[in-house]
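Visitor: Take this structure, written in C-alpha cells, and hold onto it; I'll ask about it next.
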Amino acid sequence: MLGLLLLPLLWPLQHFSERYYRQSLEEQNRQTLDLYVANLLGTLHRYEVLPPILADLPPLRALLANPGDGGLQAAANQVLAAVRQDTGADVIYLMSPSGITLGSSNWDQPDSFVGRNFAYRPYFREALAGNQGRFFGLGTTSRKRGYFFASPVRDGQRIVGILVVKVDLDDAETLWGKTPEQLMVTDANGVVIISSRSDWRFHATRPLDNAERAAIVANQPYPTQAPPPLALEERAWITQSRELTETGLTASILAPRQLIDRQVSTTVAIGGAVLLALLLLLGLLMQRRRHYLDRIALDAQARRELEMRVLERTQDLEALNSRLKDEVLEREQAQQELVRAQDELVQAGKLSALGTMSASISHELNQPLAAIRSYADNAGVLLDHQRIGDARGNLQQISELTGRMASIIAHLRAFARRDRHAPESVALQPALDDALALLAKRRRAMDVELIRDLPDAPLWVQAGETRLRQVLGNLLANALDALAERPQPRRIWISAETTGDGVALHLRDNGPGFSEEALRRAREPFFTTKTSTQGLGLGLAICDSLMRALGGELVFANHPEGGALLTLRLRNAAPGVIPQPPEDLTA
Ligand code: ADP
Numbered sequence: 001m002l003g004l005l006l007l008p009l010l011w012p013l014q015h016f017s018e019r020y021y022r023q024s025l026e027e028q029n030r031q032t033l034d035l036y037v038a039n040l041l042g043t044l045h046r047y048e049v050l051p052p053i054l055a056d057l058p059p060l061r062a063l064l065a066n067p068g069d070g071g072l073q074a075a076a077n078q079v080l081a082a083v084r085q086d087t088g089a090d091v092i093y094l095m096s097p098s099g100i101t102l103g104s105s106n107w108d109q110p111d112s113f114v115g116r117n118f119a120y121r122p123y124f125r126e127a128l129a130g131n132q133g134r135f136f137g138l139g140t141t142s143r144k145r146g147y148f149f150a151s152p153v154r155d156g157q158r159i160v161g162i163l164v165v166k167v168d169l170d171d172a173e174t175l176w177g178k179t180p181e182q183l184m185v186t187d188a189n190g191v192v193i194i195s196s197r198s199d200w201r202f203h204a205t206r207p208l209d210n211a212e213r214a215a216i217v218a219n220q221p222y223p224t225q226a227p228p229p230l231a232l233e234e235r236a237w238i239t240q241s242r243e244l245t246e247t248g249l250t251a252s253i254l255a256p257r258q259l260i261d262r263q264v265s266t267t268v269a270i271g272g273a274v275l276l277a278l279l280l281l282l283g284l285l286m287q288r289r290r291h292y293l294d295r296i297a298l299d300a301q302a303r304r305e306l307e308m309r310v311l312e313r314t315q316d317l318e319a320l321n322s323r324l325k326d327e328v329l330e331r332e333q334a335q336q337e338l339v340r341a342q343d344e345l346v347q348a349g350k351l352s353a354l355g356t357m358s359a360s361i362s363h364e365l366n367q368p369l370a371a372i373r374s375y376a377d378n379a380g381v382l383l384d385h386q387r388i389g390d391a392r393g394n395l396q397q398i399s400e401l402t403g404r405m406a407s408i409i410a411h412l413r414a415f416a417r418r419d420r421h422a423p424e425s426v427a428l429q430p431a432l433d434d435a436l437a438l439l440a441k442r443r444r445a446m447d448v449e450l451i452r453d454l455p456d457a458p459l460w461v462q463a464g465e466t467r468l469r470q471v472l473g474n475l476l477a478n479a480l481d482a483l484a485e486r487p488q489p490r491r492i493w494i495s496a497e498t499t500g501d502g503v504a505l506h507l508r509d510n511g512p513g514f515s516e517e518a519l520r521r522a523r524e525p526f527f528t529t530k531t532s533t534q535g536l537g538l539g540l541a542i543c544d545s546l547m548r549a550l551g552g553e554l555v556f557a558n559h560p561e562g563g564a565l566l567t568l569r570l571r572n573a574a575p576g577v578i579p580q581p582p583e584d585l586t587a
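Read left to right, the sequence shown gives residues 1 to 587 (the UniProt record's numbering).
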C-alpha cells in the first residue's frame with residue numbers, strides 16, 4: 001500500500017538522480033578522455049614531424065645514393081640510433097624504394113630491421129605514393145604495438161627512399177590506472193588496439209567487411225588474421241568516444257553502469273526512506289489531528305450533554321422551587337389559620353368555661369345580693385327603730401358583700417379578656433388563690449379537703465396573670481369533676497418545688513385518675529370522657545397551648561397512689577408587684 005504510494009514519488013527521484021550521476025560521471029570521464037587523447041595526440045604529433053625532417057640528413061641521403069657501401073650504412077645506423085635516443089621513438093629506419101631496410105636505429109639489436117623488407121606494410125605504399133604514411137600494427141619481430149609514420153625521401157621529383165618512425169604504444173596502455181572505468185582505443189577497422197582490459201585487445205567492436213578482412217590478412221596489423229568480435233553488453237557500459245584526427249583512431253572510455261546504478265539505488269533508498277519517514281510522519285500527524293478533532297468533538301458533545309442536563313436540572317429545580325414557594329405560602333396561610341383558630345379556640349374555651357360556670361356565678365352573685373337586700377331591709381327597720389348602731393353594722397356588712405361581688409366580677413372579666421401580652425412576672429400564690437376563690441363554693445359543697453403545701457414567700461414565675469389563673473382554674477375544675485363521683489374522703493393536694501430555672505406546681509387529686517386513652521389524648525381539643533353537657537374537651541388543650549405560649553409546660557400523669565397528678569412547669573421571673581384585687585366595681 002505504502003509502496004504503491006511511494007512508487008510515483010520514487011520514479012522521478014530515480015530518473016533525476018540517474019541523470020544527475022550520469023551527467024557528472026560523463027563530465028568527469030570526458031575530462032579524463034580529453035586528457036588521455038591530448039596526451040596520445042601529443043605523443044603522436046611529436047613523432048609525426050620527425051620523418052620529413054630526418055629525410056634531409058646527409059648521412060642518410062649518402063646511404064640512399066650508395067646502398068651497398070658498408071661505411072655509409074654504419075654511419076647512417078649511428079645517426080638513426082642517436083636520433084632515436086634523443087627523441088624516445090621506438091625504432092627509426094630507412095628503406096629503399098623497393099622496401100628493403102638500409103639502415104635502422106636497432107641495427108645492433110637481435111631483432112634488427114636491417115636487410116628486412118617491409119614493402120607489404122601500408123605506410124610504405126602510402127609514402128611511396130608521395131604521401132605521409134600512417135599505420136598501426138604489431139612489430140613483426142618485436143610483437144610490440146606501434147604506430148608508424150612514414151615519409152618519402154625525395155631527390156627532386158624522384159622518391160629515393162622512405163624514412164619510418166615507429167612509436168611504441170604499449171606505454172599508452174600502462175598509463176591507464178586501475179580504475180573501474182576502462183579505456184579502449186580502436187583503429188580505423190574498429191578493432192581494439194589499446195585497452196585497459198587485456199581480454200578486449202584485438203577484438204572487433206563492429207562487423208568487418210570483406211575489404212577490411214582482406215586488408216588485415218595482407219597487412220597483418222594484429223596478432224590474429226581475423227579479430228573476434230568484442231561481445232560487450234551494451235546496457236552494462238556507459239561509453240564516451242573521441243576521434244583522434246588524422247590518425248584514424250578512436251579513443252573510448254567505458255564506465256560500468258553499476259557505478260551510477262549503485263549511487264542511484266543508494267539515493268533512491270535514502271530518498272525512499274526519507275519519503276517513507278515523511279509519509280509516516282504525515283500519517284502520524286494526520287492521525288493525531290483526527291484524534292484531536294475527535295476529542296474536541298467528544299468534549300463538545302459532553303459539554304452539550306452536561307449543559308442539557310444542567311438546564312434540565314435547573315428547570316426541575318425551578319419547578320421544585322416554585323412548588324416549595326407555593327407550599328411555604330400555603331403553610332404560612334395554614335399557620336395563620338391555625339393561630340387564628342387557636343385564638344378562637346382559647347376564646348371559645350373561655351366562653352364555654354364561662355357558660356358552664358354561669359350557674360355557679362349567678363349563684364355566687366345572687367347569694368351576696370340576697371344578703372345585701374336583707375341587710376338593707378333590715379337596716380331600714382333598725383333606722384325606724386332608731387337603732388343607729390345596728391343599722392351601721394348592717395351597712396358595714398353590705399359594703400363587705402359588694403367588695404366580694406366586685407372581686408368575683410373582676411375575675412370573670414379577667415378570665416374572658418383576650419390577653420395578648422408578652423410574659424410578665426407573676427406571683428404564683430395569689431393567682432392560685434384567685435382560681436380557688438372562683439371554685440370555693442363548689443369545693444365546699446362537695447366537701448373536698450384542700451391540702452396546701454406552698455412557701456409563704458411569693459414564687460415569681462414568667463406568665464400572664466389572667467392566663468395563669470385560667471389554667472389553674474381549669475385544672476382545679478377538672479379535679480373537682482373527677483372527685484364528684486368519688487366517695488369521701490375527697491382531697492386535692494397543691495404543692496410547689498423550685499427546680500433549676502423555674503417552679504414546678506403539682507396538683508393532685510384522689511379521683512379515678514386519667515384513663516389510658518385520656519393520658520394519650522388529653523391535649524387534643526374536644527377530647528373528653530364527659531357527657532356533652534359536662535365537658536367540651538377544650539380545657540386541657542387550651543391549658544397546654546397557654547402553658548407553651550408562656551414558655552412553660554403542662555405534664556399529665558397518674559399518682560402512684562391513684563388519682564391524677566398534673567404538673568405545671570413555669571420559668572423563674574424577677575420579683576414584681578403583687579396586684580391589689582380590682583377595685584372597679586367596689587368603687
Ligand atoms: P373536659 O373537662 O371538658 O372533658 P378537658 O380537656 O379539661 O375537657 O379534659 C379532658 C379529659 O381529661 C377529661 O374528659 C377527663 O377524662 C380527663 N381528665 C382531666 N382532668 C382529670 C382529672 N383530674 N382526673 C381524671 N381525669 C381527668
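Even glycine gets a Cβ: it sits at the ideal position worked out from N, Cα and C.
Quick caveat: nothing in here was measured; it's all calculated off a predicted structure.
1) Looking at Leu528: is its Cβ nearer than 8 angstroms to the Cβ of Gly537?
2) Quick one: what does DSSP say Thr32 is sitting in, helix, strand or coil?
3) Do the segment 492-506 and the segment 564-575 make contact, defined as three or more Cβ pairs closer than 8 angstroms?
4) Within the continuous alpha helix (DSSP H) that includes Pro58, where are the two ends?
5) What's the gap between the Cα of Met184 and the Cα of Ile194?
6) Ends of the beta strand (DSSP E) at Gly502?
7) Would you call the CB atoms of Gln132 and Ser151 closer than 8 angstroms?
8) Can you tell me where the alpha helix (DSSP H) holding Ala482 begins and where it ends?
9) Going by beta carbon distance, what residues of the same chain come within less than 8 angstroms of Lys148, once the five residues before and after it are set aside?
10) Let me check one thing: in DSSP terms, what residues is Ala150 bridge-paired to?
11) Go through its chain and collect everything with a Cβ distance to Arg304's Cβ below 6 angstroms, but skip five positions before and after it.
12) Put Leu585 into one of helix, strand or coil per three-state DSSP.
13) Could you tell me whether any non-hydrogen atom of the ligand ADP is closer than 7 angstroms to the CB of Ser545?
14) Given 7 angstroms as the limit, tell me if Leu540 has its C-beta closer than that to any heavy atom belonging to the ligand ADP.
15) Grouping DSSP H, G and I as helix and E and B as strand, with all else coil, what is Gly103?
16) Mapping the DSSP letters down to three states, classify Ser532 as helix, strand or coil.
17) Please report how far the alpha carbon of Ile128 lies from the alpha carbon of Ala82, in whole angstroms.
18) Would you check if the segment 480-489 and the segment 540-549 touch, i.e. whether three or more CB-CB distances between them fall below 8 angstroms?
19) Determine which residues share a DSSP beta bridge with Tyr20 and list them.
20) Below 8 angstroms, can you find three or more Cβ-Cβ pairs linking the segment 209-220 to the segment 239-247?
21) Which runs of the alpha helix (DSSP H), 4 residues or longer, sit entirely within the segment 376-400?
22) Check Pro12 in the structure and name its three-state DSSP category.
23) Determine, using beta carbons only, whether Leu259 and Leu25 come nearer to each other than 8 angstroms.
24) What three-state label does DSSP hand Tyr123 in the structure shown?
25) So Ser545 is in the alpha helix (DSSP H); what residue range does that whole segment cover?
26) Would you identify the three-state DSSP class for Asp453, choosing helix, strand or coil?
27) Where Ala431 and Leu468 are concerned, what is the direct C-alpha to C-alpha distance, given to the nearest angstrom?
28) CB of Thr529 to nearest heavy atom of the ligand ADP: below 7 angstroms?
29) At which residues does the alpha helix (DSSP H) containing Arg571 begin and terminate?
30) Would you call Ala38 buried or exposed, if buried means 16 or more other Cβ atoms sit within 10 Å of its Cβ?
31) Is Ser495 near the ligand ADP - that is, is its Cβ less than 7 angstroms away from at least one heavy atom of it?
32) Should Pro223 be labelled buried (16 or more other beta-carbon atoms within 10 Å of its own) or exposed?
33) From Ala463 to Leu383, what distance separates their C-alpha atoms?
34) Quick test of the definition: if touching needs 3 or more C-beta pairs under 8 angstroms, does the segment 14-28 touch the segment 254-269?
35) For Leu40, which residues of its own chain have a beta-carbon under 7 angstroms away from its beta-carbon, when the five flanking residues on both sides are left out?
36) With a threshold of 7 angstroms, establish whether the CB of Thr512 neighbours any heavy atom of the ligand ADP.
Guide: According to the structure shown:
1) If you number the sequence shown from 1, residue 528 lands on position 528. If you number the sequence shown from 1, residue 537 lands on position 537. Residue identity differs from the one stated: residue 528 is Thr in this sequence, not Leu. Yes, the Cβ-Cβ distance between Thr528 and Gly537 is below 8 angstroms.
2) Taking the first residue of the sequence shown as position 1, residue 32 is located at position 32. Helix.
3) Taking one beta carbon from each stretch, the segment 492-506 and the segment 564-575 have 3 or more pairs nearer than 8 angstroms; the two touch.
4) The sequence position of residue 58 within the sequence shown is 58, counting from 1. 58-65 is the span of the alpha helix (DSSP H), which, as asked, contains Pro58.
5) By one-based count along the sequence shown, residue 184 stands at place 184. By one-based count along the sequence shown, residue 194 stands at place 194. A straight-line Cα-Cα distance of about 6 angstroms links Met184 and Ile194.
6) Residue 502 sits at position 502 when you count from the first residue of the sequence shown. Unbroken beta strand (DSSP E) run through Gly502: 502-509.
7) By 1-based counting over the sequence shown, the position of residue 132 is 132. By 1-based counting over the sequence shown, the position of residue 151 is 151. The Cβ atoms of Gln132 and Ser151 lie closer than 8 angstroms to each other.
8) On the sequence shown, residue 482 is found 482 positions in, with the first residue counted as 1. Where Ala482 is concerned, the enclosing alpha helix (DSSP H) stretches over 465-484.
9) For this step, residue 148 is matched to residue 148 along the sequence shown. The question names Lys, but residue 148 is Phe in the sequence shown. Answer for Phe148: Arg121, Tyr123, Gly133, Arg134, Phe135, Phe136, Gly137, Val164, Val165, Lys166, Val167, listed in chain order.
10) Indexing the sequence shown from 1 puts residue 150 at position 150. Partner(s): Gly133, Val164.
11) Along the sequence shown, read from residue 1 onward, the residue named residue 304 stands at position 304. So the list is empty, once near-sequence residues are dropped.
12) Counting from 1 along the sequence shown, the entry for residue 585 is found at position 585. The pLDDT assigned to Leu585 is 37, lower than 50, so where the model puts this residue is not dependable, and the model offers no usable value.
13) Along the sequence shown, one-based indexing puts residue 545 at 545. Distance from the C-beta of Ser545 to the nearest heavy atom of the ligand ADP is not below 7 angstroms.
14) Here residue 540 refers to the residue found at position 540 of the sequence shown. Leu540 has its Cβ nearer than 7 angstroms to a heavy atom of the ligand ADP.
15) Position 103 of the sequence shown, counted from the start, is the residue given in the question as residue 103. DSSP, read as helix, strand or coil, puts Gly103 in strand.
16) The residue labelled residue 532 in the question sits at position 532 within the sequence shown. Note that Ser532 scores 48 on pLDDT, short of 50, meaning its location in the model is unreliable; the coordinates nonetheless yield the value given after this. It is coil, neither helix nor strand.
17) Residue 128 sits at position 128 when you count from the first residue of the sequence shown. Residue 82 sits at position 82 when you count from the first residue of the sequence shown. In the sequence as displayed, the identity of residue 128 is Leu instead of Ile. Those two C-alpha atoms are separated by around 25 angstroms.
18) Output reads no: the segment 480-489 does not touch the segment 540-549.
19) Residue numbering aside, residue 20 sits at position 20 when the sequence shown is read from its first letter. DSSP output for Tyr20 lists no bridge partner at all.
20) Flag = no, the segment 209-220 and the segment 239-247 do not touch.
21) Fully enclosed alpha helix (DSSP H) runs of 4 or longer: not present.
22) By 1-based counting over the sequence shown, the position of residue 12 is 12. DSSP places Pro12 within a helical segment (H, G or I) once states are collapsed to three.
23) As a first step, residue 259 must be located in the sequence shown, where it is residue number 259. As a first step, residue 25 must be located in the sequence shown, where it is residue number 25. In this structure, Leu25 lies closer than 8 angstroms to Leu259 by Cβ.
24) Taking the sequence shown and counting its residues from 1, the one referred to as residue 123 is at position 123. Of the three classes helix, strand and coil, the one that applies to Tyr123 here is helix, per DSSP.
25) What you label residue 545 is simply residue 545 of the sequence shown in a count that begins at 1. Element bounds for Ser545: 539-549.
26) In the sequence shown, counting from the first residue as 1, residue 453 sits at position 453. Strand at Asp453.
27) Here residue 431 refers to the residue found at position 431 when the sequence shown is read from its first residue. Here residue 468 refers to the residue found at position 468 when the sequence shown is read from its first residue. Computed Cα separation, rounded: 7 angstroms.
28) Residue mapping note: residue 529 aligns to position 529 of the sequence shown, counting from 1. Within the cutoff, so yes.
29) To locate residue 571, count along the sequence shown from 1; it is residue 571. Looking at the DSSP string, Arg571 is not in any alpha helix (DSSP H); the run it does join, the beta strand (DSSP E), is 564-571.
30) Along the sequence shown, one-based indexing puts residue 38 at 38. The residue in question, Ala38, is exposed, as its Cβ has fewer than 16 Cβ neighbours within 10 Å.
31) As a first step, residue 495 must be located in the sequence shown, where it is residue number 495. Shortest gap from the CB of Ser495 to any heavy atom of the ligand ADP: 7 angstroms or more.
32) By one-based count along the sequence shown, residue 223 stands at place 223. When all chains shown are included, Pro223 counts as exposed.
33) Translated into positions along the sequence shown, residue 463 becomes position 463. Translated into positions along the sequence shown, residue 383 becomes position 383. Distance between the alpha carbons of Ala463 and Leu383: 50 angstroms.
34) Touching, yes, given that three or more Cβ pairs across the two stretches are closer than 8 angstroms.
35) Position 40 of the sequence shown, counted from the start, is the residue given in the question as residue 40. Once the five neighbours on either side are set aside, the close Cβ partners of Leu40 are Ala172, Leu244, Ala251.
36) Here residue 512 corresponds to residue number 512 of the sequence shown, with the count starting at 1. The question names Thr, but residue 512 in the sequence shown is Pro. Yes.
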